[in-house]
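Residue numbers (the numbering used here): 39 to 378. Each remark here refers to the structure printed beneath this line.
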Amino acid sequence: FEQAQSWLQECATGSHEACDQSPPSYRPTRLLDLASNGSPLRKETYLAHGESDGFTYAALSHCWGVAGSKHLKTTRVTMSSWKRGIPWTLIPRTFQDAILFTRRLGIRWLWIDSLCIIQEDENDWRAEAACMAEVYSQAYFTIAAASAENSEVGIFREPSAESQNNASGCQDLLVYAKRQSKYSLMTSNRYRLMTRAWAYQERYLSPRVIYFLGDELGWSCRSLDDDESHSGTFSSLSFALDKKHNPYLHPQEGSPDKEADEYDHIKSIDHWHHIVNDYDTLFLSFERDRLPALAGLAKHLSPFRKGRYLAGLWEDSLIVDLLWKMYAEPINRSAFRSAP
Numbered sequence: 039f040e041q042a043q044s045w046l047q048e049c050a051t052g053s054h055e056a057c058d059q060s061p062p063s064y065r066p067t068r069l070l071d072l073a074s075n076g077s078p079l080r081k082e083t084y085l086a087h088g089e090s091d092g093f094t095y096a097a098l099s100h101c102w103g104v105a106g107s108k109h110l111k112t113t114r115v116t117m118s119s120w121k122r123g124i125p126w127t128l129i130p131r132t133f134q135d136a137i138l139f140t141r142r143l144g145i146r147w148l149w150i151d152s153l154c155i156i157q158e159d160e161n162d163w164r165a166e167a168a169c170m171a172e173v174y175s176q177a178y179f180t181i182a183a184a185s186a187e188n189s190e191v192g193i194f195r196e197p198s199a200e201s202q203n204n205a206s207g208c209q210d211l212l213v214y215a216k217r218q219s220k221y222s223l224m225t226s227n228r229y230r231l232m233t234r235a236w237a238y239q240e241r242y243l244s245p246r247v248i249y250f251l252g253d254e255l256g257w258s259c260r261s262l263d264d265d266e267s268h269s270g271t272f273s274s275l276s277f278a279l280d281k282k283h284n285p286y287l288h289p290q291e292g293s294p295d296k297e298a299d300e301y302d303h304i305k306s307i308d309h310w311h312h313i314v315n316d317y318d319t320l321f322l323s324f325e326r327d328r329l330p331a332l333a334g335l336a337k338h339l340s341p342f343r344k345g346r347y348l349a350g351l352w353e354d355s356l357i358v359d360l361l362w363k364m365y366a367e368p369i370n371r372s373a374f375r376s377a378p
């Protein structure tokens with residue numbers, strides 16, 4: 039908690055010039071009211087309807103688990119009950135840990151997809167899926183439950199840092215065993231969350247992400263990538279996700295000249311191709327989500343484009359978007375017919 043609080047204070051108090059310090063201008067349709075009243079140990083949690091004014095909330099990025107497994111969710115049947123209070127014993131451990139963590143950091147409101155979107159309601163799902171860009175980009179921070187393969191596992195673990203007093207008069211020394219190298223969060227299958235398509239846009243859009251990695255915390259914002267060892271080797275990012283060098287996450291103020299505007303437009307085309315290249319390696323539980331899980335990114339980037347968004351492609355670069363390249367050698371077809 040102390041490390042996470044330190045990162046948040048450094049980022050949110052103006053120390054990071056590239057990070058947006060303005061208050062949120064958007065409030066999701068529904069949020070969990072953690073009703074902590076200053077106590078992180080209180081367990082009251084309510085489903086609350088949003089209003090027009092914005093205020094500080096956190097979001098959770100997590101894995102649902104394998105298809106067919108049970109999930110705590112909001113439906114038309116359960117919604118009225120959840121407004122009166124969600125029993126703590128029904129809340130899965132990953133959600134419990136996220137609630138306690140958010141309360142401990144002094145945030146009252148939390149957004150979790152399965153509870154803040156009405157499940158098994160196609161109309162509500164479509165409406166809320168269209169707002170993903172706002173939900174995550176306006177969150178104060180996002181909790182990435184990277185080490186939790188499902189909602190029952192939880193995100194709190196024993197820390198990897200250990201201290202030992204060798205002799206009187208000596209300072210305690212924190213020793214870390216590093217298990218991942220740079221970029222491994224994006225390329226390794228160790229963390230299931232990093233292989234999920236929905237989570238990709240959640241990490242991209244969030245101004246601040248706190249990663250629960252099992253044995254340590256990681257941090258990513260528009261100014262800093264870090265972990266508890268402060269070794270400088272942590273990165274949660276692919277090229278397209280690099281917040282520190284991404285003008286599309288924190289555009290410069292003022293109107294660029296025509297030449298600069300054209301250059302930025304060309305760069306935005308290349309940037310989209312990097313996103314699609316990343317996205318193509320990720321997994322979805324339902325193939326019908328292929329375009330919706332990318333829509334938030336397209337919505338966020340649309341001000342930088344000069345044409346309409348067309349189902350994964352852009353009108354202003356359609357010819358280039360349709361190009362493809364074969365990396366493997368072609369398969370030699372048999373000269374004989376294998377079937378009548």
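No residue lacks a Cβ here, since even glycine has one placed at the ideal position from N, Cα and C. Just so we're clear, the structure is a prediction, and the values are computed from it rather than from any experiment.
Own chain residues within Cβ distance below 8 Å of residue i, not counting five before or after
| i | result |
| --- | --- |
| Ile129 | Thr83, Leu110, Ile137 |
| Leu356 | Gly345, Leu348 |
| Gly123 | Glu82, Thr83, Tyr84 |
| Gly292 | In this predicted model, Gly292 has a pLDDT of only 42, less than 50, meaning its place in the structure is not dependable; the value taken from the coordinates is given anyway. Cβ neighbours of Gly292 beyond the five flanking positions: none. |
| Trp163 | Ile155, Ile156, Gln157 |
| Met117 | Leu85, Ile156 |
| Pro62 | Gly92, Phe93, Thr94, Tyr95, Gln176, Ala177, Tyr178 |
Residue i in three-state terms, based on DSSP
| i | result |
| --- | --- |
| Ser372 | Reliability fails at Ser372, whose pLDDT of 47 lies under 50, so the model's placement of it is uncertain and the value that follows must be treated cautiously. If DSSP states are grouped into helix, strand and coil, Ser372 belongs with coil. |
| Cys57 | coil |
| Thr83 | coil |
| Asp318 | coil |
| Gln41 | helix |
| Trp352 | strand |
| Asp265 | strand |
| Pro125 | coil |
| Gly256 | strand |
| Arg68 | strand |
| Leu332 | helix |
| Ser119 | helix |
| Leu110 | coil |
| Leu148 | strand |
| Cys49 | helix |
| Glu190 | coil |
| Glu158 | coil |
| Tyr242 | helix |
| Gln176 | coil |
| Ala136 | helix |
| Ala73 | coil |
| Phe342 | helix |
| Arg141 | helix |
| Ser306 | helix |
| Ala168 | coil |
CB contact flag (residue i, residue j, <9 Å)
| i | j | result |
| --- | --- | --- |
| Ala331 | Leu322 | yes |
| Ala171 | Leu69 | no |
| Ile181 | Ala96 | yes |
| Val191 | Arg131 | yes |
| Thr113 | Asp151 | no |
| Asp354 | His312 | no |
| Trp126 | Leu153 | no |
| Ser99 | Val247 | yes |
| Asp265 | Leu255 | yes |
Nearest candidate by alpha-carbon position, reference residue i, set the options
| i | options | result |
| --- | --- | --- |
| Thr94 | Thr113, Leu72, Glu160 | Leu72 |
| Gly144 | Gln43, His309, Glu300, Leu360 | Gln43 |
| Ala184 | Ser63, Gly350, Tyr64, Trp102 | Trp102 |
| Trp149 | His303, Leu255, Gln134, Phe250 | Gln134 |
| Lys337 | Asp327, Gly350, Arg326, Glu325 | Gly350 |
| Asp327 | His303, Leu255, Leu46, Arg234 | Arg234 |
| Tyr64 | Glu325, Glu40, Glu240, Tyr178 | Tyr178 |
| Arg141 | Val314, Pro125, Thr127, Phe39 | Phe39 |
| Phe324 | Ser267, Trp45, Trp236, Ser189 | Trp236 |
| Ala167 | Leu262, Ser118, Glu240, Lys108 | Glu240 |
| Gln41 | Trp257, Lys305, Asn161 | Trp257 |
| Pro341 | Ser306, Met364, Leu262 | Ser306 |
| Leu46 | Cys169, Met117, Thr116, Tyr249 | Tyr249 |
| Lys108 | Tyr174, Ser189, Pro62 | Ser189 |
| Gly252 | Ser267, Ile193, Glu300 | Ile193 |
DSSP bridge partner residues for residue i (one or two, in chain order)
| i | result |
| --- | --- |
| Ala182 | Ser99, Tyr249 |
| Arg234 | Phe321 |
| Leu361 | DSSP output for Leu361 lists no bridge partner at all. |
| Tyr347 | Trp352 |
Residues near residue i in its chain [Cβ-Cβ closer than 6 Å; skip 5 each side]
| i | result |
| --- | --- |
| Ala86 | Leu69, Asp71 |
| Trp362 | none |
| Ser175 | Leu243 |
| Glu48 | none |
Other residues of its chain near residue i: CB distance less than 7 Å, five sequence neighbours each side excluded
| i | result |
| --- | --- |
| Trp352 | Trp310, Arg343, Gly345, Asp359 |
| Tyr238 | Asp316, Tyr317, Leu320 |
| Arg230 | Cys101, Glu187 |
| Val173 | Pro66, Ala97, Trp149 |
| Leu329 | Ala349, Gly350 |
| Met364 | none |
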